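Heads up, the thing below is written out as structure tokens.
Protein chains in written order, with my numbering: chain A, 6 to 345; chain B, 6 to 345.
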């Protein structure tokens, strides 16, 4: 991925008030935001924390400078905030996890700051840790900022909501009174990738995309249905069907991936919705938060389970970073501005 | 693995009546058996079907000749039988799956035979396919012969039994009236290996063995308990605890593998025992069949779930191959012989 720059950038009519960085494992995204919390320019590079131009602190400095030094030169004194894996133990500076209940205010109160060689201070958001009464601790890092953004954009969801955030490590996050009160991680995306690439299940799978989109949808639905009908402990058994359905020619090889995807997403949705219903009241809205194509797959699977999400929203990290900066006292609360 | 030869071989006092081959993915084991069904000599090589000395049919011929040609020269006319992956689509000759209910008789009636360059005919046992009323088809290949052996050695178990056979792909097999009536495969061992080696869960795991055996046992038990307390769909979530328990220092890194092992084996046992109880009557004995160390781990886990296996037995493939040869009319039923 090369650096991506919006065309309108040179014509910026409004002085930005914040430089916000969404700095994850595989990419770095930078947003210039105005006083209303609107993104007025954005750029991205592939310099996620596991893909820095050089190792160590120098790598963070260089990735940051390559993407943002001209912006910082043009608008001196611009506050800088960041979220995501940049604040992990493997990041630029560790911002230890805050405990639930968590919101932009508690994130800001325990943020880490780092002085960059560019002469600016960067405020890094912590992740959140949740330890259920009867289970192992769980963590998020980056999603807490997306959630702060989603709640700022849709205040009606603050009272009580569940957000399902599909991905390599999907997160199911429960919100009450504007705060994160609990969550669960599902290794769905990583399980899918690892099983396709490294297990016997991948051996029957061709590299090519399915020849018949309807057959792929049907295989995906069959996987979701198997998950819906499962009982405790069944997954290590049900996975093997991805092989036997191919072996016995019940499914063509090019849709076995879809079956496996449906099975794994189905397990996540079955478990996630049970946990959501237990922890929240019955009419709590379920929101799908994330990338369009994956959210559509989740929407299909939810439909098979008879669950209708209240909405599907995209990446709200920039707005979340804006809220974080407000909570940290770096900028004033959002106000409507007139773009000239 | 070099060829392994028993010391007593040259002193064989009893003329063998059968050459039996247990020919799997990673190894080839050969057994000379007397008229009582006792192994009088055995050898093994690493020439499993995925590790042949040369590719194709020539590889099977050479692996067979290297291990057995002198035996066949010494005892001409010796019948030869084989079981395992040698009869799969990737084997020497495919012996297609027979349907449930299956026993030595139905295996023999649908066996495949191949003429070897050594001038002998080899009879290869088929695998078994089981298609539950409400699910995907499932297959075994090799275990059906072990089961025939176990039932020959322990006739009391023929009426109604469940055999749990731990391994890379564990099998839970239900027996009624001496026949295999159903089974389920669990990818437990492969899941463990793939997740340790290729997923984020392996990153916190050192190569070294646990420093404290009691801590390792406790971590294994905690994994089993998490599986016991799980609800449908929970595994993709619970797996992530293998990471967070390490990250939050609830478990030392060198026992995270034990936690993951307990979690996966626990899921298999929870599902396997539910399915067994549904399909068989309440007092059905559960047998553990397989390699000692792994069966002991399963025994530990069963104890945590409050289940006591009736017995643990080792590899019964040679005796099963003997029963298969009887059913095929190659040899007479076992009779007691006096070894001289």
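For glycine and all other residues, C-beta sits at the position ideal for the given N, C-alpha and C.
Bear in mind that the values here come from a model prediction, so they are computed numbers and not experimental data.
Runs of the alpha helix (DSSP H) lying entirely within the region 47-125 of chain A and spanning at least 4 residues, in chain order: 62-79, 109-114. Taking CB atoms only, residue 104 of chain A has no neighbour in chain B less than 8 Å away.
Within chain B, 237, 276, 279 have C-beta atoms less than 7 Å from the C-beta of residue 236 of chain A, given in sequence order. Taking each of B:323, B:173, B:206, B:295 in turn and checking the Cα distance to residue 34 of chain B, the smallest one comes out for B:323. Taking 8 Å as the cut-off, the Cβ atoms of residue 237 of chain A and residue 235 of chain B count as close. Going by C-alpha positions, residue 196 of chain B is about 17 Å away from residue 209 of chain B.
For residue 83 of chain A, the nearest beta carbon of chain B is not closer than 8 Å to its own beta carbon. When the Cα atoms are used, residue 53 of chain A and residue 28 of chain A turn out to be separated by approximately 6 Å. Think of a sphere of 7 Å around the beta carbon of residue 192 of chain A: the chain B residues whose beta carbon falls inside it are 241, 244, 245, in chain order. As the crow flies, the alpha-carbon of residue 310 of chain A is around 18 Å from that of residue 239 of chain A. From the beta-carbon of residue 142 of chain B, the residues of chain A found nearer than 9 Å are 246, 249, 250, 252, 253, 255. At a cut-off of 8 Å, the C-beta of residue 46 of chain B has no neighbouring C-beta in chain A. Inclusion of residue 51 of chain A and residue 36 of chain A in the CB contact set at 8 Å is not warranted, their separation being larger than that value.
A Cβ of chain A is located within less than 8 Å of the beta carbon of residue 204 of chain B. Cβ contact annotation for residue 180 of chain A (same chain, cutoff 6 Å, sequence separation greater than five): 166, in chain order. When 8 Å is used as the limit between beta carbons, residue 199 of chain A is near these residues of chain B: 199, 200, 203, 204, in chain order. The beta-bridge partner set that DSSP reports for residue 144 of chain B consists of B:134. Closer than 8 Å to the CB of residue 100 of chain A there is not a single CB belonging to chain B. The C-beta distance from residue 117 of chain A to residue 92 of chain A rounds to 6 Å, short enough to meet the 8 Å contact threshold. Between residue 291 of chain B and chain A, the shortest Cβ-Cβ separation is not below 8 Å.
Between residue 143 of chain A and residue 189 of chain A, the C-beta spacing is below 8 Å.
Bounds of any beta strand (DSSP E) do not take in residue 281 of chain B; it lies within the alpha helix (DSSP H) bounded by 261-284. The beta-bridge partner set that DSSP reports for residue 181 of chain B consists of B:165, B:184. The region 280-297 of chain B makes no contact with the region 98-111 of chain B; the number of CB pairs closer than 8 Å stays below 3. In this structure, the CA atom of residue 155 of chain B is about 10 Å from the CA atom of residue 328 of chain B. Where residue 222 of chain A is concerned, the enclosing alpha helix (DSSP H) starts and stops at 218-233. Against residue 66 of chain A, chain B offers no close residue; the least beta-carbon distance is about 25 Å (beta-carbon pairs closer than 9 Å). Around residue 105 of chain B, the same chain offers 133, 135, 185, 186, 187 as residues with beta carbons nearer than 7 Å, after the five sequence neighbours per side are excluded. In this structure, the beta-carbon distance from residue 130 of chain B to residue 145 of chain B does not fall below 8 Å.
If you draw a 10 Å sphere on the C-beta of residue 313 of chain A, you find fewer than 16 other C-beta atoms in it, and that means exposed. Under the DSSP assignment, residue 316 of chain B falls in the beta strand (DSSP E) whose first and last residues are 316-318. Between residue 221 of chain A and residue 178 of chain A, the C-beta spacing is not below 8 Å. Residue-level contact by beta carbon fails for residue 209 of chain B and chain A, as no gap is shorter than 8 Å. The residues 103, 131, in chain order, have a CB closer than 6 Å to that of residue 115 of chain A in the same chain once the five nearest residues on each side in sequence are set aside. By the Cβ neighbour-count rule, residue 211 of chain B is exposed, with fewer than 16 other Cβ atoms within 10 Å of its own. In this structure, the straight-line span from the alpha carbon of residue 193 of chain B to that of residue 269 of chain B is close to 6 Å.
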